[in-house]
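Protein sequences, first through last, are from chains Z and U.
For the first sequence, UniProt numbering begins at 1 and goes up steadily by one.
For the second sequence, UniProt numbering begins at 1 and goes up steadily by one.
Notes follow the structure.
There are 2 protein chains.
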Amino acid sequence: MAESMNGLHRSHRCTEVSSQDIGETVTVMGWVQKRRNLGALIFIDLRDRSGILQVVFDENSVGKEGFEKAGTLRSEYVIAVTGKVQQRAAAVNENLKTGDIEVIAEQIRILSEAETPPFPIEENSQTKDEVRLKYRYLDLRRPDIQKNLMLRSKVIYLMREFMMKEGFLEIETPILCKSTPEGARDYLVPSRVHPGNFYALPQSPQLYKQLLMCSGYDRYFQIAKCFRDEDLRADRQPEFTQADMELSFVDIDDVLDVNERLLKYIFKEAIGVDVQIPLQRMPWQEAMDRFGSDKPDTRFGMELHDVSEVVKGCGFGVFTGALEQGGSVRGINAKGQGSMPRKKIDKLVEFAKGYGAKGLAYLSINEDGTYKSSFAKFMTEDELKALVDALDGEAGDLLLFAADKNKIVWNVLGALRLEIAKELDLLDPNQYNFLWVTEFPLLEWSDEENRYMAMHHPFTMPMEEDWENVDTDPGSVRAKAYDIVLNGTELGGGSVRIHQDDIQEKMFEVLGFTKESAHEQFGFLLDAFKYGVPPHAGLAYGVDRMVMHMVHADSIRDVIAFPKVKDASCLMTEAPGKVDEKQLEELQLKIEEE
Amino acid sequence: MAESMNGLHRSHRCTEVSSQDIGETVTVMGWVQKRRNLGALIFIDLRDRSGILQVVFDENSVGKEGFEKAGTLRSEYVIAVTGKVQQRAAAVNENLKTGDIEVIAEQIRILSEAETPPFPIEENSQTKDEVRLKYRYLDLRRPDIQKNLMLRSKVIYLMREFMMKEGFLEIETPILCKSTPEGARDYLVPSRVHPGNFYALPQSPQLYKQLLMCSGYDRYFQIAKCFRDEDLRADRQPEFTQADMELSFVDIDDVLDVNERLLKYIFKEAIGVDVQIPLQRMPWQEAMDRFGSDKPDTRFGMELHDVSEVVKGCGFGVFTGALEQGGSVRGINAKGQGSMPRKKIDKLVEFAKGYGAKGLAYLSINEDGTYKSSFAKFMTEDELKALVDALDGEAGDLLLFAADKNKIVWNVLGALRLEIAKELDLLDPNQYNFLWVTEFPLLEWSDEENRYMAMHHPFTMPMEEDWENVDTDPGSVRAKAYDIVLNGTELGGGSVRIHQDDIQEKMFEVLGFTKESAHEQFGFLLDAFKYGVPPHAGLAYGVDRMVMHMVHADSIRDVIAFPKVKDASCLMTEAPGKVDEKQLEELQLKIEEE
Chain Z
1 MAESMNGLHR
11 SHRCTEVSSQ
21 DIGETVTVMG
31 WVQKRRNLGA
41 LIFIDLRDRS
51 GILQVVFDEN
61 SVGKEGFEKA
71 GTLRSEYVIA
81 VTGKVQQRAA
91 AVNENLKTGD
101 IEVIAEQIRI
111 LSEAETPPFP
121 IEENSQTKDE
131 VRLKYRYLDL
141 RRPDIQKNLM
151 LRSKVIYLMR
161 EFMMKEGFLE
171 IETPILCKST
181 PEGARDYLVP
191 SRVHPGNFYA
201 LPQSPQLYKQ
211 LLMCSGYDRY
221 FQIAKCFRDE
231 DLRADRQPEF
241 TQADMELSFV
251 DIDDVLDVNE
261 RLLKYIFKEA
271 IGVDVQIPLQ
281 RMPWQEAMDR
291 FGSDKPDTRF
301 GMELHDVSEV
311 VKGCGFGVFT
321 GALEQGGSVR
331 GINAKGQGSM
341 PRKKIDKLVE
351 FAKGYGAKGL
361 AYLSINEDGT
371 YKSSFAKFMT
381 EDELKALVDA
391 LDGEAGDLLL
401 FAADKNKIVW
411 NVLGALRLEI
421 AKELDLLDPN
431 QYNFLWVTEF
441 PLLEWSDEEN
451 RYMAMHHPFT
461 MPMEEDWENV
471 DTDPGSVRAK
481 AYDIVLNGTE
491 LGGGSVRIHQ
501 DDIQEKMFEV
511 LGFTKESAHE
521 QFGFLLDAFK
531 YGVPPHAGLA
541 YGVDRMVMHM
551 VHADSIRDVI
561 AFPKVKDASC
571 LMTEAPGKVD
581 EKQLEELQLK
591 IEEE
Chain U
1 MAESMNGLHR
11 SHRCTEVSSQ
21 DIGETVTVMG
31 WVQKRRNLGA
41 LIFIDLRDRS
51 GILQVVFDEN
61 SVGKEGFEKA
71 GTLRSEYVIA
81 VTGKVQQRAA
91 AVNENLKTGD
101 IEVIAEQIRI
111 LSEAETPPFP
121 IEENSQTKDE
131 VRLKYRYLDL
141 RRPDIQKNLM
151 LRSKVIYLMR
161 EFMMKEGFLE
171 IETPILCKST
181 PEGARDYLVP
191 SRVHPGNFYA
201 LPQSPQLYKQ
211 LLMCSGYDRY
221 FQIAKCFRDE
231 DLRADRQPEF
241 TQADMELSFV
251 DIDDVLDVNE
261 RLLKYIFKEA
271 IGVDVQIPLQ
281 RMPWQEAMDR
291 FGSDKPDTRF
301 GMELHDVSEV
311 VKGCGFGVFT
321 GALEQGGSVR
331 GINAKGQGSM
341 PRKKIDKLVE
351 FAKGYGAKGL
361 AYLSINEDGT
371 YKSSFAKFMT
381 EDELKALVDA
391 LDGEAGDLLL
401 FAADKNKIVW
411 NVLGALRLEI
421 AKELDLLDPN
431 QYNFLWVTEF
441 PLLEWSDEEN
451 RYMAMHHPFT
461 MPMEEDWENV
471 DTDPGSVRAK
481 AYDIVLNGTE
491 LGGGSVRIHQ
501 DDIQEKMFEV
511 LGFTKESAHE
521 QFGFLLDAFK
531 YGVPPHAGLA
541 YGVDRMVMHM
551 VHADSIRDVI
561 AFPKVKDASC
571 LMTEAPGKVD
581 EKQLEELQLK
591 IEEE
């Protein structure tokens, strides 16, 4: 039988009680973590979101009825206890914040009984994901998840606090939007008032925030829900949270500056990490050349080396063939891994193939200075020496080479570098290496579409000094775009936007738009630009991802209260579900059975 | 031709420049509000979100080229000006914050030219709503709308600031939810991965926030987007914003207390209004009896009086008939309106009929003490005198009476009271009268469903002292529910929730649920309640409505950046719209043509 709260007032959360309160009477409420009967005493670990407090029931203090009640307590019962705080009679429990005290119960109410939960409420649960997510309301009781969500709440508040101080306005943009044909797949919402017509859930507030700049709001931000009906991948959520901003009357330095200060502030206040600013800025080309990635993890070296010049004209056809195709040969040096067994190397080769490599050439330098290599026989001693020197190879090192189109070589070696670092435990989770990747290519050639595509979006500003080459060498034009990278993860990105008619028109031309097709897709934005548009730029962060990094979560589901699983369903509510025929009739929709 | 921002840095927003800066060089950027040529000088009113600043172009200062450029400026051009601040040469403009200064331009860049906008950018626009909303990006430039949205941004930040200090966690709940059969109509989102199945957009995070209490988060809040596909009404938006909270281990007083302090804080900080707390609490019955409304506007009197006892047995069949049907006769006294012309009274009668009245009885007290009345002839002099006395009628007053079922009488007189107050200009917009309406009926009889329905929702806690009557007199049971009312508007509402199995089970029984049907609808919440649920309570505010009150907006559209119109469409983006056949195929949906 559940008792009522009538007349009861909680005085403290569990771990708000401390040795300062010894001798005081407190009222605490929470869940029974566990009960132990010890001689004539009953001990309860009482849990709330703040942590654990020990409560002791002694019949002399709590009375006969109270003591009997305490005897019925089981895990997850919700109780309220009033009692005196005292020094803990037994040894101090160093693992608990309240380990030096306990509360001697004088009154107890059972606010709610509880059935035995399907899995224990404890940190680092070994319970299967499916069960945890079905009973998410119990899973959410686990202290580690609670810590994650409490930190998340703090982080988004810190963001807002900083942004408000910097003169940003939080402005809500619609969730019921217009569907646009380009980009990822939209979630659609059928209209009842306009049957046969649909809203789309926003993939980002991009167009709205640019409109707000046209409207003179000057500095906008929003913690915005975004939606993408993308193909399934383990750690992707159909809805995700973006910290979105846009600024008027700025150039790239202004945006980077305010964001560096934002990051410094929230990482310090949320998790006590000192971010040194200004952050490093690395042009995209350098990031690819050195790390094979536009989101380099700079916590360790093992950088890529372009050895195309060195192997040019060597006898190894795989190398020279790649060069002839306009590609490159590059390598990394896995220091001290020269004695890696063949089996493990084979695994790396397989790994590389997963990233598009046709193979992986390796060379290990034995302690006696001789080489063991998959391709040594095709090359002269001098050629091998030059190759080893190019990678600063020393006795005991393992050199790995990929030869292919640049894109594949970068991709393969970038991934390999990370894989080896993981295996060798080179990734310190407590080191936070931020950097900006800048000067992205404006355009990307698409074989599929047989045309250049915008790497970011069609409103991204080209770099002034490159723009004159847009006709002769479109691929060489760099953009005023930037990504913020943390430990190999892209936390966010953005760009300066085009605000000049002539550049925008040319950009659409390069992207193969006609005047009509540009207008069809971006009509209201282009219209807005006609009436006086300020120079503007913006950036958006993936909030889920940022919080994941802060709490070292393995899964995005550990930082979202009610996540969906791989097939975009919710195991707890069983959404999506069937709806009434009447609802579909109102929408004038019919389900087509396959 | 648009010039670039290269090397330019804004030093101030327009009205951040003040007489303190006289002699200093500043760089300001914004939109040209207007240009005047005056002799050898050109004057520009430069506008940004902060306000207006006067810029003067003198060829001696800005040079020939700059002066010529200034001569080409037209409304809504975006420019950057660098120049010296000086005391205004002409008379001070008292209407402007910067009315005592001006900037003598030394450099100008035209950042963007502008076509002539379809309507002038000015406060209190007389432009048709349809045009304003089509060009919403221009409408949003109007200083009054900008002030609204800036205040809105501030209000939601103040809310968050307060809530964080009070130990609330902001936790995001899903937008892609499960459709539930009861309540208002859901917006549906077809699932591509599970064809034939649908998500629903949330009407509120109600179930999620109760689950979070089960999960031990103790204090939750969220500024949440909610959605209802309701029938069309002028000032209703398909998506709206709710400030939503839930608290564990509390009773009604705790919830009211924290919310009173919240309201006091935000009204003071946002608009400088002192809210005296604790607020008045008025039981629902009293609100209906005195004001004919569960959201009484207490800025003026003209209260309802129940005269059923007085007219019992009188000769006026309309009165006695209503009493015989179990109804009542009530009146209001429109002080000093005794000389209201018959035509105007007839209008009030028509107005009353619009609220369900069959008619409206009136009696005006002439200055000589005689009566003019629609029903005097049916009553004795003594009866009339008693009636007048019951309403404290004096010479020059107009008494209006309704006789019907209570619900209709309240409805009619409540509306009439407001209507007359509006006409007499009794509603001071700068007076903020808050009150709690409490002790709502738990259940409401539905003729349509032929059963009792939950007035709030099925989880609302009954008042302990009434609960024993639930079988004998269900209608008399009051709930631990509360609404916060401001000047006749319901700003928000909530309730203490049932956390006891036995009460919840009984409640479902009273509402006509079977065990199965209750489980079908609320399964996961009921499951969650099995594993230990804390006493909890919550409240939600309508943010749009609250901000409307703060800025005295006439329309909800004036406090939402991108609102929809009555048919739930967006005139700017033309959402909702058609989508590709391919998209529908992927969803296995077909549109049924009518």
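C-beta: ideal position from N, C-alpha, C; glycine also.
The model shown is predicted, which means the values in this text are computed figures rather than measured ones.
Thinking residue i and residue j are a contact (beta carbons under 8 Å), I'd like their distance in whole angstroms, please.
i	j	result
Leu232 of chain U	Asp567 of chain U	6 Å
residue 680 of chain U	Pro441 of chain U	Residue 680 of chain U lies beyond the stretch modelled for chain U, which goes from 1 to 594, so this question has no answer here.
Pro202 of chain Z	Phe227 of chain Z	6 Å
Ala334 of chain Z	Leu400 of chain Z	7 Å
What are the boundary residues of the beta strand (DSSP E) that residue i is part of?
i	result
Ile86 of chain Z	Here the sequence assigns Gln to residue 86 of chain Z, which means Ile is not the residue at that position. Segment Val78 to Gln87, the beta strand (DSSP E) holding Gln86 of chain Z.
Val55 of chain U	Gly51 to Asp58
Thr438 of chain Z	Phe434 to Thr438
His536 of chain Z	His536 to Gly542
Ile591 of chain Z	Leu589 to Ile591
Met453 of chain U	Arg451 to Ala454
Lys34 of chain Z	Thr25 to Leu38
What are the boundary residues of the alpha helix (DSSP H) that residue i is part of?
i	result
Pro143 of chain U	Pro143 to Lys165
Cys214 of chain U	Gln206 to Cys214
residue 614 of chain U	Past the edges of chain U, shown from 1 to 594, lies residue 614 of chain U, and the structure says nothing about it.
Ser517 of chain Z	Lys515 to Phe529
Tyr362 of chain Z	Segment Ala361 to Ile365 is the beta strand (DSSP E) holding Tyr362 of chain Z; no alpha helix (DSSP H) there.
Asp346 of chain U	Arg342 to Gly354
Ser137 of chain Z	This sequence places Tyr at residue 137 of chain Z; Ser is not what is there. Tyr137 of chain Z -> alpha helix (DSSP H) spans Arg136 to Asp139.
Leu443 of chain Z	First-last for Leu443 of chain Z: Leu443 to Ser446, but that is the beta strand (DSSP E), not the alpha helix (DSSP H).
Gln583 of chain U	Glu581 to Glu586
Glu505 of chain Z	Asp501 to Val510
Sorted by chain position, which residues of the same chain lie with C-beta nearer than 6 Å to residue i's C-beta, five sequence neighbours on each side aside?
i	result
Val250 of chain U	Ala537
Phe168 of chain Z	Arg219 and Phe221
Arg13 of chain Z	Asp48 and Ser50
Leu426 of chain Z	Phe300
Ser61 of chain Z	Ile104 and Glu106
Please work out which residues of its chain come closer than 7 Å, Cβ to Cβ, to residue i, disregarding the five sequence neighbours upstream and downstream, and give them in chain order.
i	result
residue 640 of chain Z	The structure shown does not extend to residue 640 of chain Z, since chain Z is modelled only from 1 to 594, so the question has no answer here.
Pro429 of chain Z	His552
Leu413 of chain Z	Gly292, Leu304, Arg330, Ile332 and Ala402
Gly475 of chain Z	Pro441, Leu443 and Trp445
Glu130 of chain U	Leu571
By Cβ distance, which residues of its chain are closer than 8 Å to residue i, with the 5 residues on each side in sequence left out?
i	result
Phe351 of chain U	Ala415, Leu416 and Glu419
Val533 of chain Z	Met213, Cys214 and His499
Ala390 of chain U	His305, Val307, Val310 and Gly331
Along chain B, in chain order, which residues have C-beta atoms closer than 9 Å to that of residue i?
i	result
Cys14 of chain Z	In the structure shown, chain B cannot be found, because the protein chains are Z and U.
For the stretch 210 to 219 of chain Z against the stretch 509 to 520 of chain Z, do three or more pairs of beta-carbon atoms, one drawn from each stretch, fall closer than 8 Å, so that the two count as touching? no
Please determine if the stretch 75 to 92 of chain Z and the stretch 11 to 28 of chain Z are in contact, where contact requires at least 3 C-beta pairs separated by less than 8 Å. yes
Restricting to runs no shorter than 3 residues, where is the beta strand (DSSP E) found entirely within the stretch 231 to 316 of chain Z? 239 to 248 and 280 to 283
Hey, is the stretch 493 to 500 of chain U in contact with the stretch 470 to 484 of chain U, meaning 3+ C-beta pairs nearer than 8 Å? yes
At least 3 beta-carbon pairs within less than 8 Å: the stretch 56 to 67 of chain U vs the stretch 235 to 244 of chain Z: no
Is the stretch 337 to 355 of chain U touching the stretch 280 to 294 of chain U in the sense that three or more CB pairs, one from each, lie closer than 8 Å? no
Using 8 Å as the threshold, is the stretch 181 to 198 of chain U in touch with the stretch 572 to 589 of chain Z, meaning 3 or more CB pairs across them? yes
Decide yes or no for the touch test of the stretch 537 to 547 of chain U against the stretch 140 to 158 of chain U: beta carbon pairs closer than 8 Å, at least 3 of them. yes
Which parts of the stretch 375 to 431 of chain Z are runs of the beta strand (DSSP E), unbroken and 3 residues or longer, counting only runs that do not cross its ends? 398 to 404
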